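Going by the working numbering, the letters in the sequence shown line up with residues 556 to 1340, in that order.
C-beta: ideal position from N, C-alpha, C; glycine also.
Treat the numbers as computed from the prediction; the structure is a model and nothing was measured.
A short write-up of the structure that comes next.
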Amino acid sequence: MRHFALALFAPLALSCLVLEGAVAASASAASDPTHPLVTQQAAQQVASANVGTMKPFTAPPSMAAVGGPGGPQSEIFGFALASSLSDPTMGASTWNFSLLTTVAFFGLHVKDDGNIAADSGLTVWNSSATSDLISKAHANATKVVLTIILQDFSAGTPHMCAGLAHASTTIAATVAQVKARGVDGVNVDYEGLNGYCGTSDAWAARHSFIYFVRALRSALPAGSYLTVDTYASSAADPAGFFDVRNLSASADAFFVMAYDLEYSNYARAPLGCSRFCLGPTAPLSGYYYNDTNTASQYVSVVGASKVILGVPYYGRKSCVASATPNQYPTAAVAADSYLDASGESTAAAVKAGSFAVHHDSHDPAGNERWDTWFNTSMNCTRELYWDDAASLSKKYALIRKDGLRGVGIWTLNYGGGSVALWSALNTYFSCPVQVTLPASVATTQFTLGLAAVNCSVASYEVQQFDTTQNKGWYPLKSAVAQGFPGHAYQFRVRAHTAAGLVSAWSFASTTVAAGATFSQPFKGLYTLDDYGGIHADTSPPLSGTAYYAGWKIIRAGKARPGAIPQSGGILDGFGGLHPYGTPVTYSGTPYWRGWDVARDFAFLPDGTGGYVLDAFGGLHPFGVNGHAAPPAAQGAAYWPGWDIARKVVIFSDGTGGYVLDGYGGLHPFGVGRAAPPGVTGGPYWPGAKLARDVVLVPGSHAGYVLDAFGGVHAFSGAKAIAAPAYWAGKDLARSLFLLSGSTLTAPAGYSLDAYGGVHPFGGAPTLTNYDYWPGNDVAHNLLGF
């Protein structure tokens, strides 16, 4: 089936001259050079279509088209031809209304006396086809507007002049129709030429149209959407029918009919044809009349927010002498809808092996397509210029780049349900994400289902919000999420499309069951950076309370022991101890304002208190959440005035611990008792400050020291292990972390490098979901349970 009415245009030469300088003394026949032919053909078709007997209009449920989340970010305005509104192959049932902001019913014809013509357009308007259109549109927050049509390019444009002389009649009739059908506004398709209209005013038609649009605006119900269809050249045409600048005071937007431009471009460079020759219907650039210039001209006159750039869902073809570009037609020129053009290659009359696809060399940026083939039925070579989805996408990119109000489609019927067309619109203007997530999950790791139907997605942006902690949104690196048992989470996702569009957020939520199975061998593992940022390493998100952008003042971060892995403390260089995760309060902590002397801290095993280590080896007790601070440490080493102390750890039995010095020495201290015996084994580098971290094996006084190059050194009977990562001679190792299930004979965990790399050892699973800053020494230490 052919989706475009049989439309044969004789090769027609329109004037190519446009007045771009000073205003002429009178309207010139050279004005309005780009008025399209295709709308005239469509208007005639609508008026005379054989629509048969139709069911009457029934008022759809009252529903305002107010817009909603996830819809297009720009205007997507499409014309709906009444003549094929109910056609199952191209009509409204094939359109994706969620991607449309406005649909214009095209339309009702205006007679010379100002009344609406009783033709096929009115028959469809008064039928159930229109009530179905309104229902579908409003259900998707899409506006419906009524197009009123008056077109006249005959000498002196007597019909246009008569219609404008009876403007009050037309306005009354139009407003009555808007109110009766409950539509959202009016689209004015008055196409004519400037002229006297029987007066002494050479610009009478231009002036009368301004008055008409102004009066129509005043008469329409408040909030009505009023658009005016204008020519591609009108913004730069001071003597044409449309006074765009003055019309803008009344019109919400202009639908710029930037198509059929081959009729205005053929005589100019780069073609220079002596008569009509085939070429791009809507070139992006490379031709005198093109979309790029049109958009720029309109923006300079009325601003981007009022410009809807019309694009063609059709092309033109004819028999030609040879399969070479820009041929002179040797027969009538026919219009081809997108549906027909995209199916030409498989048509029965195409000679096998003759079909070839080309792209216009004069407008490489626009990528307009032209096809050639031999038609066996017509016994001629056919040449077709048209815009496929790739070429249309170039125009969509221009619309986004220039910040125009949006795109206009002539017409929706010509594209029907083409997946390629709707996908291109989605990719450039909408791309809502569908997020699938159960109400509750039984494991701490779970995956969000993400989909953006018919949209070319470059990446998804996923963020997680812990509703239980209520601490803000956290960016995820993938759709794989982590959660704490008993916590509720919200997620928001948006797509970054191949066109550079960032879609609106889509939301979902879930709760991790209180008895959820832990998916990792830890309950939470995090990297602390030098500025105070807390970064989840395949763990649920946490938020801190201290962050010093660009200032490397953070000295340590530790998780608070116990059944609450999502809380702890961060120590700054002056001794300030700041909570992270769920609320924690600290009392009795030391503070050296302006003196960078704090080096580390450690919690008691029950989490009720702990000690801050200063640079000289001093241990300063503090309390947690109202608990009293522990007693002073006994037997601790101290180096007055010497910045040599590095780390402190406390035994899991709470009886004491060790202080690590810069050379690797481990110095015991007691908690409420004498210091325990010193360590056996272990490293020592006299005069070389290579020690970076120390950890204890759970349930023991044994453990490991990490050196600057990544070496891991056992002491007091801990099993020797190979370094998970080693950088000979390079100071890149920063932290060591043992899993809570580690034993003296089976230690397992991770080391951290300066750039954020997390390296497993002892059978700990490899992690891939963590932050990494290649070449940037900002990772400080690992913390967690």
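Give the secondary structure of residue i by DSSP, where H, G and I count as helix, E and B as strand, and everything else as coil.
i: H1222; result: strand
i: S586; result: coil
i: S1142; result: strand
i: F708; result: coil
i: R1289; result: strand
i: E575; result: Because E575 sits at a pLDDT of 25, beneath the cut-off of 50, its placement in the model cannot be relied upon, and the following sentence gives the value as read from the coordinates. Coil.
i: P713; result: helix
i: G1112; result: strand
i: Q1075; result: coil
i: Y818; result: helix
i: F831; result: coil
i: V738; result: coil
i: T1066; result: strand
i: R823; result: coil
i: R1148; result: coil
i: W650; result: coil
i: Q1037; result: strand
i: A920; result: coil
Starting from the C-beta of residue i, find all residues in its chain whose C-beta is less than 7 Å away, skip the five residues before and the five after it, and write them out in chain order.
i: C1010; result: S978, N981, T982, C986, A1050 and T1052
i: F767; result: L719 and A722
i: V601; result: L636, A637, S638, F661, G662, S675 and G676
i: A1283; result: F1264
Return the CA-CA distance between residue i and residue j, expressed in angstroms with no decimal places.
i: D846; j: L864; result: 8 Å
i: D642; j: L894; result: 13 Å
i: M645; j: H590; result: 26 Å
i: F929; j: P919; result: 26 Å
i: F1073; j: D1092; result: 14 Å
i: A837; j: L1337; result: 59 Å
i: C716; j: A728; result: 18 Å
i: V783; j: G1312; result: 59 Å
i: A757; j: E817; result: 29 Å
i: S900; j: F910; result: 6 Å
i: I726; j: A890; result: 33 Å
i: G1087; j: K1107; result: 8 Å
i: H714; j: A824; result: 35 Å
i: K861; j: F984; result: 17 Å
i: V875; j: L953; result: 32 Å
i: A1192; j: R1228; result: 15 Å
i: S789; j: A850; result: 11 Å
i: K666; j: E923; result: 38 Å
i: A903; j: W965; result: 27 Å
i: Q989; j: L1005; result: 6 Å
i: R1047; j: A1034; result: 11 Å
i: T697; j: F652; result: 7 Å
i: F1171; j: I1125; result: 20 Å
i: W1077; j: I1199; result: Note on identity: in this sequence residue 1077 is Phe, with Trp being the wrong assignment. If you take the alpha carbons of F1077 and I1199, they lie about 32 Å apart.
i: L1132; j: V1012; result: 44 Å
i: T712; j: V738; result: 31 Å
i: H1256; j: S1271; result: 7 Å
i: L592; j: A813; result: 12 Å
Check whether the Cβ of residue i sits closer than 7 Å to any heavy atom of the ligand NAD, and report yes or no.
i: A1013; result: No copy of the ligand NAD occurs in the structure displayed, which carries no ligand at all.
Decide if residue i is buried, meaning its Cβ has at least 16 other Cβ atoms within 10 Å, or exposed.
i: D1248; result: buried
i: T1323; result: exposed
i: M933; result: exposed
i: P1096; result: buried
i: T885; result: exposed
i: P1030; result: exposed
i: Q1000; result: buried
i: W680; result: buried
i: R1148; result: exposed
i: Y842; result: buried
i: A577; result: Because the pLDDT at A577 is just 26, under 50, the model does not fix this residue reliably, and the value given afterwards should be weighed accordingly. Burial call: exposed.
Keeping to the same chain, check which residues put their C-beta closer than 8 Å to that of residue i; ignore five residues upstream and five downstream.
i: D1161; result: P1116, G1117 and G1209
i: P611; result: N681, S682 and S683
For residue i, which residues of its own chain have a beta-carbon under 6 Å away from its beta-carbon, when the five flanking residues on both sides are left out?
i: S690; result: P615
- Could you tell me which uninterrupted alpha helix (DSSP H) segments, each at least 4 residues in length, are contained entirely in the segment 751–796, listed from first to last along the chain? 759–774
- Message: Could you tell me which whole alpha helix (DSSP H) segments of length 4 or greater appear in the segment 847–901?
- Response: 893–896
- Message: Report the start-end ranges of each alpha helix (DSSP H) in the segment 1150–1237 that is 4 residues or longer and not cut off at the edges.
- Response: Fully enclosed alpha helix (DSSP H) runs of 4 or longer: not present.
- Query: What runs of the alpha helix (DSSP H), each 4 residues or longer, lie entirely inside the segment 928–999?
  - Reply: 944–957, 967–970 and 974–984
- Contiguous beta strand (DSSP E) assignments of at least 3 residues, all confined to the segment 1250–1307: 1258–1262, 1267–1270 and 1288–1293
- Message: Could you tell me which whole alpha helix (DSSP H) segments of length 4 or greater appear in the segment 640–704?
- Response: 675–680 and 683–694
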